[in-house]
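First comes the structure, then the notes that go with it.
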Amino acid sequence: MTYIIILIGALLRVIPHPANFAPIAAIALFGGTYLNKKQALILPLLAMFISDFFIGFDSLQSRIMVYGSFLLIGLIGLAIKKHKNIGTIFGGALFGSVLFYLITNFAFFYSPTMYPHDLTGILSSYINALPFFKNTVLGDLFYVSIFFGAYELVQQYRSSLSFKGEGTRER
């Protein structure tokens with residue numbers, strides 16, 4: 001299952017899509033919620049690395065901030081693992097979207113050529129990123145719904161099969 005999620009994440013980043021409407025944060029949150037810690041933290045990074053290989057790598061500073069943001073979102077998933085419900089899942093997704101926005105746009109502000117290093121510069125960085133933030137939130141909520149919803153439906157289906165199977169066993 002882990003490899004399928006990595007491939008899906010990489011593929012969905014490579015095919016044309018609206019800017020920042022991508023599955024990686026949802027994969028990080030999902031991995032943190034359902035997988036062990038090592039898999040949870042590596043899963044989104046591998047999907048990013050594979051897709052970055054095709055899309056292209058930008059600055060090292062930017063990649064560190066982006067990849068670091070996804071590590072933090074994976075940690076959010078680990079934190080909600082024991083308290084998983086629709087509220088914590090969607091709350092975690094929204095918190096992850098905000099973290100990603102704050103961290104990555106600070107990196108753009110901090111870069112030497114993008115913005116002046118003053119209050120005007122940081123405000124400009126965050127204001128200019130608002131359209132991308134909207135897509136980030138929408139993408140995160142969409143993919144969280146798909147990944148978590150599909151997983152829970154499969155688990156319910158498996159549970160119903162095992163329940164039906166117990167009544168037909170010979171004793």
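Reminder that position 98 of the sequence shown reads as 98 in the working numbering, one-by-one numbering, no gaps. Using N, Cα and C, we set each Cβ at its ideal position, and we do this for glycine too.
With a cutoff of 8 Å on beta-carbon distance, Met65 and Ile24 are scored as not near each other. A residue is called buried when at least 16 other Cβ atoms come within 10 angstroms of its Cβ; Val144 meets this threshold and is buried. Taking Gly92 as reference, the option from Ile76, Thr120, Ala40 with the minimal CA-CA separation is Ile76.
Taking all protein chains shown into account, Gly139 has 16 or more neighbouring C-beta atoms within 10 Å of its C-beta and is therefore buried.
Per the C-alpha coordinates, the member of Ala150, Phe21, Phe109, Pro16 positioned closest to Phe54 is Pro16.
According to the DSSP assignment, Ser125 belongs to the alpha helix (DSSP H) that extends over 119 to 128. In the three-state scheme derived from DSSP, where H, G and I count as helix and E and B as strand, Asn105 is classed as helix. For Ser59 and Ser159, the gap between their C-alpha atoms comes out near 47 Å. One thing to note: Phe109 has its Cβ within 8 Å of the Cβ of Ser125.
When secondary structure is reduced to three states using DSSP, Phe54 falls in the helix class. Take the alpha-carbon of Phe57 and the one of Gln155: they are about 37 Å apart. One Cα belongs to Gly31, the other to Asn128, and the distance between them is close to 31 Å. Within the same chain, Cβ atoms closer than 6 Å to the Cβ of Ile50 are found at Ala10, the five residues on either side in sequence being excluded. No Cβ-Cβ contact shorter than 8 Å links Leu7 with Lys37. Within the same chain, and ignoring the five residues on either side of Ser62 in sequence, the residues whose Cβ sits closer than 7 Å to its Cβ are Ala107.
Going by DSSP, Ile80 is part of the alpha helix (DSSP H) stretching over 60 to 80. The C-beta distance from Phe70 to Leu46 rounds to 11 Å, too long to fall under 8 Å, and the pair is not in contact.
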